[in-house]
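Student: Those protein sequence lines, which keep their order, are chains Z and B. Counted the way the working numbering counts, the first sequence spans residues 1 to 489. Counted the way the working numbering counts, the second sequence spans residues 490 to 936. Backbone N, C-alpha and C define an ideal beta-carbon position, used for all residues, glycine too. Could you have a look at this structure, given as structure tokens, before my questions?
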Amino acid sequence: MNAAKSIRTRLLICSALLAVPTSILGRVPKSPAAEPTPVILIQNATILTASHGTIERGSILIKDGKIAEVGASVKAPKDAQVIDAAGQFVMPGIIDCHSHIAVDGSVNEGSISVSSIVNIADVLNPDDVDIYRDLAGGVTVANVLHGSANAIGGQTIVIKLRWGLPASKLPFEGALPGIKFALGENPKRSNFSRGTPRYPATRMGVEETIRGAFTEARDYKATWDLYNKRTAAGEKNLIPPRRDLRLDPLVEVLEGKRYVHSHCYREDEILMLLRVAKEFGFKVRTFQHVLEGYKVADEIAAAGAGASTFSDWWAYKVEAYDAIPYNAALMTRRGVLVSVNSDDAEEATHLNQEAAKTMKFGGLSHDEALKLVTLNPAMQLGIDKRVGSIDAGKDADLVIYNHDPLSAYAVVQKTLIDGRVYFDRQRDVADRPVREKEKKALLDKQRKAAEKKPESSDAAKKPGEKKPEEKKEEKPKPPQSTLVLGGGR
Amino acid sequence: MKSALSHSLRALAAVVSLACIGDMSSAQSQPTVYAITHAKIFTLSGAAIEDGTVVIQNGKIANVGAAVEVPAGAQVIDGKGLQVYPGLFDPVTQMGLREIGAVSATVDSAETGAFNPDVVAAEAVLPSSEHIPVTRAAGITEVLAVPASGGMDSAGPAGVLGGQASAIHLSGWTISDMLLKKSVAMVLNWPEIETQTFDFSTFSRKQKSFADAKQEYEKQVDELTDWLERARHYAQALGHGGPGDFQRDVKLDALVPVTRGELPVLVFADKARDIRNAVEFCEKQKLKMILASGAEAYKVKDLLRSKGIPVILGPTLTLPREEDDPYDRLLTQPAELSAAGVKFAFGSFDNSFARRLGQQAANAAAYGLPYDEALKAVTLYPAQIFGLADQVGTLESGKIANIIVTNGDPLELTTEVRYIFIKGQPTSLDNKHKALYEKYLNRPKAQ
Chain Z
1 MNAAKSIRTR LLICSALLAV PTSILGRVPK SPAAEPTPVI LIQNATILTA SHGTIERGSI
61 LIKDGKIAEV GASVKAPKDA QVIDAAGQFV MPGIIDCHSH IAVDGSVNEG SISVSSIVNI
121 ADVLNPDDVD IYRDLAGGVT VANVLHGSAN AIGGQTIVIK LRWGLPASKL PFEGALPGIK
181 FALGENPKRS NFSRGTPRYP ATRMGVEETI RGAFTEARDY KATWDLYNKR TAAGEKNLIP
241 PRRDLRLDPL VEVLEGKRYV HSHCYREDEI LMLLRVAKEF GFKVRTFQHV LEGYKVADEI
301 AAAGAGASTF SDWWAYKVEA YDAIPYNAAL MTRRGVLVSV NSDDAEEATH LNQEAAKTMK
361 FGGLSHDEAL KLVTLNPAMQ LGIDKRVGSI DAGKDADLVI YNHDPLSAYA VVQKTLIDGR
421 VYFDRQRDVA DRPVREKEKK ALLDKQRKAA EKKPESSDAA KKPGEKKPEE KKEEKPKPPQ
481 STLVLGGGR
Chain B
490 MKSALSHSLR ALAAVVSLAC IGDMSSAQSQ PTVYAITHAK IFTLSGAAIE DGTVVIQNGK
550 IANVGAAVEV PAGAQVIDGK GLQVYPGLFD PVTQMGLREI GAVSATVDSA ETGAFNPDVV
610 AAEAVLPSSE HIPVTRAAGI TEVLAVPASG GMDSAGPAGV LGGQASAIHL SGWTISDMLL
670 KKSVAMVLNW PEIETQTFDF STFSRKQKSF ADAKQEYEKQ VDELTDWLER ARHYAQALGH
730 GGPGDFQRDV KLDALVPVTR GELPVLVFAD KARDIRNAVE FCEKQKLKMI LASGAEAYKV
790 KDLLRSKGIP VILGPTLTLP REEDDPYDRL LTQPAELSAA GVKFAFGSFD NSFARRLGQQ
850 AANAAAYGLP YDEALKAVTL YPAQIFGLAD QVGTLESGKI ANIIVTNGDP LELTTEVRYI
910 FIKGQPTSLD NKHKALYEKY LNRPKAQ
């Protein structure tokens, strides 16, 4: 029943509550990423640039972690490492605009309706194996979001999937941080009967929660603006206003220094948030999920908001009952900047396939479908100068497939970030016997230790019962990452 | 977008002109003879026919081949440039038993209590469920509606004996139109020795000692044994006593065919240890076992092959169970089982994701499963595993005409189903999603 359980966890809960603990055993191999970045030439590949069409039998030269040159013929230095990709396809690294990987513990501070005080950046876990699994699915950048239990949720961060490096190296340098909002069933707790009821319990209350918080934030900002103005004018001995960690991120939203990524489903709540945003003078950067976005696509486009949706999820709750797989295509045709996201570590491993479905459902072109998981999410996250397409000067974040990636038959061969190979299928497969051996040795050692201390566990008492899967060891806590981010006010 | 729409409209128009109805089968006035001509035909019972004809008569496949004559009066579909396959078969869904996962009033997928051998899926399948036409549009013509088989909904714990699965066609005004076979398997959720569980009602982790978990497991297996023993004694009495000798029992009645090995048990288990325990149990009890889900079936492939136990694999697009499993563990498993000679089919184990059935199979092919095996694992093999291969699963004379006509590989993401026949009737590819698409495609530009 585990497959079924995992689907239930994925979808019904849909990041609305606690992360379900996964079993933990052993260790995972890391990419050695300390050596200097090599000069790499990828040649003879079909290059899907996402910005300027497809180059047949083309080459990409990578220097200092950047794409130095791309084209039909590229001159490479003699000492360049050559990756011959004959018969293979290269596309820009996949950008997942809605992820919950690399988070230590729960993604929800669910106790309060405005949890802007908490920050995902404080709990990045570089040892989360889902980083590696998503890399193996071609993902290079993820927008790591707080959950959807609150009308105004926690602060969010964009990361690169630099597997093997410490937490401090995960954040995408220079990417604006975000904040998660959530509308509809999750913040009003429709499908969760736990504990005491919490305001809001209606969509009316969700709107009021956001309006109330921004009313406070506006006043708070005015107080600070006045203080700063008077200080700048030379007034002495002023007492600064009291810092409010809950309102600081909202002021950043008002100042355009923090993006709003809002979870939503129904058409009415999408328009509701656009009205509130207009009233307070901020922008909604992306609507997330936005499964009824196709019903109000013109309004989303007019507001300049992006939309990041699922390919074909539906009917797991009432607000997903009108979800259609044509959503991405319909919104694209109405001028909305659209991406397809995962919201799930497994779904992220085949976002290329999920994007491909829009060619069938709504008739997007191959190029348009490809952009849904590359250039478009890069633009939504404000990082398109650095990533999202294969152009000279951009970061060498690339994926090599053995087949057209917009197909169910494509398998990732290599994933590069900043010009380094972070995933190599051939190497992964070759290393498996070594890892198996190492795992066995560790388990044997553990078993022997347990035999010496017979009182240690119930499980070890009967000689016939000592199967490895029964003897899980508590994993030592990964080193907690403490990122010092800009203090603001 | 325009081209996709016009394709589907064209397909629809063709079907409407053929059948003069939008959707359902078996109205008396409909023509009953159809011929699909000049198509590439994948019969799955032999080699593909490059330029062939399929003749459909009275709901059955009357003839299929390269040199087949079109009977007089047949409605002809020109299949030039198109491909013909048996419809896909999804062997684990909750079709018609659940509409919206989070709304318990729409969820009839699992009964309360641990032992419910007498409940039957077909008794509660909603023929007008929106999931049915959506799933059909993906080329799936028949499914098993399986009680207590998980999926994403608010149903409680699945219990041990979950009830009887029903095989249904994905078209029909009533359940009797839809029924392929009412009772095809008894669901057995194999009790696991779980020290760590997650309680959805309180949303918290629960820890148990191994000894407690094992005791709980043994208690459940003892209870299950007891049910089977009672059913066996009951069956003996049934044969020998007079009608007034004892009171009938609906639960034991339901278990009798199981104890006789006539009705297979569809055993849900994932871990190798649980699978081994289940195999041993079924052998001892002389039950006919089909394994379902089987995330670690690869660890016991030799056992499964030697006992001839087939598997309905859970979604290949699933993360590995253990942190240190290879990242592609579930993707390569089908190839590994196939090479070991284990018979298996793919299942979606869900309604909303049923339309990913082809995608699941294609991904297994991408990771080493021979393509023909992937295709058979969503058509012929599920039919064989549930004893329905005399009726569906291949394109052969005499079988029920559940047929799809596509513009390409039915497992590929971008392939369109152009025509679908269920029980020999051209059936609509319209559905809720397409209707909403067309409605909002035509929304006037907002001011």
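1. If contacts are defined as beta-carbon pairs under 8 Å, then E631 (chain B) and L669 (chain B) qualify, I think. What distance do you get, rounded to the angstrom?
2. Straight-line CA distance for R587 (chain B) to D391 (chain Z)?
3. Could one say the Cβ of K30 (chain Z) lies closer than 9 Å to chain B's Cβ atoms, at least one of them?
4. Note down, in chain order, all residues in the segment 380-410 of chain Z with a beta-carbon under 9 Å from any beta-carbon belonging to chain B.
5. Against W163 (chain Z), what residues of chain B qualify as contacts under a CB-to-CB distance less than 8 Å, listed in chain order?
6. Would you report the Cα separation of S262 (chain Z) and G576 (chain B), rounded to the nearest angstrom?
7. By a C-beta neighbour count over all protein chains shown, 10 Å radius and 16 as the cutoff for buried, is N931 (chain B) buried or exposed?
8. Tell me whether D879 (chain B) sits in a helix, a strand or coil according to DSSP, three-state version.
9. What does the alpha-carbon distance come out to for the pair G847 (chain B) and G648 (chain B)?
10. Report the residue from B:L650, B:A627, B:L802 whose alpha carbon sits nearest the alpha carbon of T903 (chain B).
11. Could you tell me the distance, in whole angstroms, from the CA atom of Q353 (chain Z) to the CA atom of L406 (chain Z)?
12. Give me the chain Z residues within the contact set of Q848 (chain B), using Cβ-Cβ distance strictly less than 7 Å, ordered along the chain.
13. Out of Z:A86, Z:D122, Z:L61, point me to the one whose CA is closest to K78 (chain Z)'s CA.
14. Ordered along the chain, which non-local residues of its own chain (more than five positions away) have a Cβ less than 7 Å from that of L717 (chain B)?
15. When Cβ atoms are compared, which residues of the segment 586-618 of chain B fall closer than 8 Å to chain Z?
16. Could you tell me which of Z:K317, Z:P38, Z:S113 sits nearest to G212 (chain Z), measuring between CA atoms?
17. Among all the DSSP beta bridges, which residues are the ones paired with K66 (chain Z)?
18. Locate the alpha helix (DSSP H) running through I874 (chain B), then write down its first and last residues.
19. Any residues in the segment 903-930 of chain B with a beta carbon nearer than 7 Å to a beta carbon of chain Z? Which ones, in chain order?
20. Let me know the secondary structure DSSP gives F578 (chain B) once reduced to three states.
21. From the DSSP output, which residues share a beta bridge with P915 (chain B)?
22. Which residues in the same chain as A537 (chain B) place their Cβ atom closer than 7 Å to its Cβ, once the five residues preceding and following it in sequence are excluded?
23. Could you please give the first and the last residue of the uninterrupted alpha helix (DSSP H) stretch that includes D96 (chain Z)?
24. In terms of residue numbering, what span does the beta strand (DSSP E) encompassing Y259 (chain Z) cover?
25. Whole-angstrom Cβ separation of W679 (chain B) and V789 (chain B), contact assumed at under 8 Å?
26. Alpha carbon to alpha carbon, what distance is there between T215 (chain Z) and A232 (chain Z)?
27. What is the residue span of the beta strand (DSSP E) that N44 (chain Z) lies within?
28. If we count the other Cβ atoms within 10 Å of its Cβ and call it buried at 16 or more, is V373 (chain Z) buried or exposed?
29. Could you tell me the distance, in whole angstroms, from the CA atom of L170 (chain Z) to the CA atom of L145 (chain Z)?
30. 9 Å is my cut-off, CB to CB: does V673 (chain B) come that close to chain Z?
31. Note down, in chain order, every chain Z residue with its Cβ under 9 Å from the Cβ of E825 (chain B).
32. What first and last residue would you give for the alpha helix (DSSP H) that runs through E560 (chain Z)?
33. For the segment 753-832 of chain B, which segments carrying the beta strand (DSSP E) assignment without a break, of at least 3 residues, lie completely within its bounds, in sequence order?
34. Using DSSP with H/G/I as helix, E/B as strand and the rest coil, what is P377 (chain Z)?
35. What in chain B is Cβ-close to H350 (chain Z), meaning under 8 Å?
36. Check whether the segment 176-193 of chain Z and the segment 148-161 of chain Z touch, using three or more Cβ-Cβ pairs below 8 Å as the test.
Tutor: By the coordinates alone:
1. The residue labelled residue 631 (chain B) in the question sits at position 142 within the second sequence. The residue labelled residue 669 (chain B) in the question sits at position 180 within the second sequence. So it is a contact: roughly 6 Å between Cβ atoms.
2. In the second sequence, counting from the first residue as 1, residue 587 (chain B) sits at position 98. In the first sequence, counting from the first residue as 1, residue 391 (chain Z) sits at position 391. Their Cα atoms are separated by approximately 48 Å.
3. Along the first sequence, one-based indexing puts residue 30 (chain Z) at 30. For K30 (chain Z), the predicted structure reports a pLDDT of 48, less than 50, and the residue's modelled location is therefore unreliable. The matter cannot be settled from this model.
4. N402, H403, L406, S407, A408, Y409, A410
5. As a first step, residue 163 (chain Z) is located in the first sequence; it is residue number 163 there, counting from the start. By Cβ distance, chain B contributes nothing, its closest Cβ being about 11 Å from W163 (chain Z), past 8 Å.
6. Numbered from its first residue, the first sequence carries residue 262 (chain Z) at position 262. Numbered from its first residue, the second sequence carries residue 576 (chain B) at position 87. S262 (chain Z) and G576 (chain B) have their C-alpha atoms roughly 40 Å apart.
7. Here residue 931 (chain B) is taken as the residue at index 442 of the second sequence, counted from 1. Exposed.
8. For the purposes of this step, residue 879 (chain B) is taken as the residue at position 390 of the second sequence. Annotated three-state conformation of D879 (chain B) is coil, per DSSP.
9. Within the second sequence, numbered from 1, the residue matching residue 847 (chain B) stands at position 358. Within the second sequence, numbered from 1, the residue matching residue 648 (chain B) stands at position 159. Approximately 30 Å between the Cα atoms of the pair.
10. Locating residue 903 (chain B) in the second sequence gives position 414, counting from the first residue. Of the candidates B:L650, B:A627, B:L802, the one whose C-alpha sits nearest the C-alpha of T903 (chain B) is B:A627.
11. Taking the first sequence and counting its residues from 1, one reaches residue 353 (chain Z) at position 353. Taking the first sequence and counting its residues from 1, one reaches residue 406 (chain Z) at position 406. Straight-line Cα distance between these residues: approximately 6 Å.
12. Position 359 of the second sequence holds residue 848 (chain B). The answer, in chain order, is Q353, A408.
13. Position 78 of the first sequence, counting from 1, holds the residue named residue 78 (chain Z). Measuring from the Cα of K78 (chain Z), the nearest candidate turns out to be Z:L61.
14. Here the question's residue 717 (chain B) lines up with position 228 in the second sequence. Around L717 (chain B): L744, T748, Q774.
15. E588, I589, G590, A591, V592
16. Position 212 of the first sequence, counted from the start, is the residue given in the question as residue 212 (chain Z). The shortest Cα separation from G212 (chain Z) among Z:K317, Z:P38, Z:S113 belongs to Z:S113.
17. For the purposes of this step, residue 66 (chain Z) is taken as residue 66 along the first sequence, with counting starting at 1. According to DSSP, which records beta bridges pairwise, K66 (chain Z) is partnered with Z:K63, Z:D395.
18. Here residue 874 (chain B) refers to the residue found at position 385 of the second sequence. Element bounds for I874 (chain B): 869-874.
19. T903, E905, H922, L925, Y926, Y929, L930
20. Mapped onto the second sequence, residue 578 (chain B) falls at position 89. Three-state result, F578 (chain B): strand.
21. The residue labelled residue 915 (chain B) in the question sits at position 426 within the second sequence. Paired residue(s): B:F910.
22. Counting from one through the second sequence, the residue named residue 537 (chain B) turns up at place 48. For A537 (chain B), where only same-chain residues beyond five positions count, the Cβ hits under 7 Å are K529, I530, F531.
23. In the first sequence, residue 96 (chain Z) corresponds to position 96, counting from 1. It is not in any alpha helix (DSSP H) - D96 (chain Z) instead sits in the beta strand (DSSP E) that spans 94-99.
24. Taking the first residue of the first sequence as position 1, residue 259 (chain Z) is located at position 259. It spans 259-264 - the beta strand (DSSP E) in which Y259 (chain Z) sits, taken as one unbroken run.
25. Along the second sequence, read from residue 1 onward, the residue named residue 679 (chain B) stands at position 190. Along the second sequence, read from residue 1 onward, the residue named residue 789 (chain B) stands at position 300. Actually they do not touch by this definition, with Cβ atoms about 13 Å apart.
26. In the first sequence, residue 232 (chain Z) corresponds to position 232, counting from 1. In the first sequence, residue 215 (chain Z) corresponds to position 215, counting from 1. The straight-line gap from Cα to Cα measures roughly 26 Å.
27. Looking up residue 44 (chain Z) in the first sequence gives position 44. Unbroken beta strand (DSSP E) run through N44 (chain Z): 40-48.
28. Position 373 of the first sequence, counted from the start, is the residue given in the question as residue 373 (chain Z). Answer is buried; the Cβ neighbour count reaches 16.
29. In the first sequence, counting from the first residue as 1, residue 170 (chain Z) sits at position 170. In the first sequence, counting from the first residue as 1, residue 145 (chain Z) sits at position 145. About 14 Å.
30. Stepping through the second sequence from its first residue, residue 673 (chain B) is reached at position 184. No, its Cβ sits nowhere closer than 9 Å to a Cβ of chain Z.
31. Along the second sequence, one-based indexing puts residue 825 (chain B) at 336. Residues of chain Z passing the Cβ test: none, with the nearest at roughly 13 Å.
32. There is no way to answer for residue 560 (chain Z), as the model of chain Z reaches only from 1 to 489.
33. 754-758, 778-782, 800-802
34. Stepping through the first sequence from its first residue, residue 377 (chain Z) is reached at position 377. Three-state result, P377 (chain Z): helix.
35. Along the first sequence, read from residue 1 onward, the residue named residue 350 (chain Z) stands at position 350. The contacting residues are L806, N852.
36. yes
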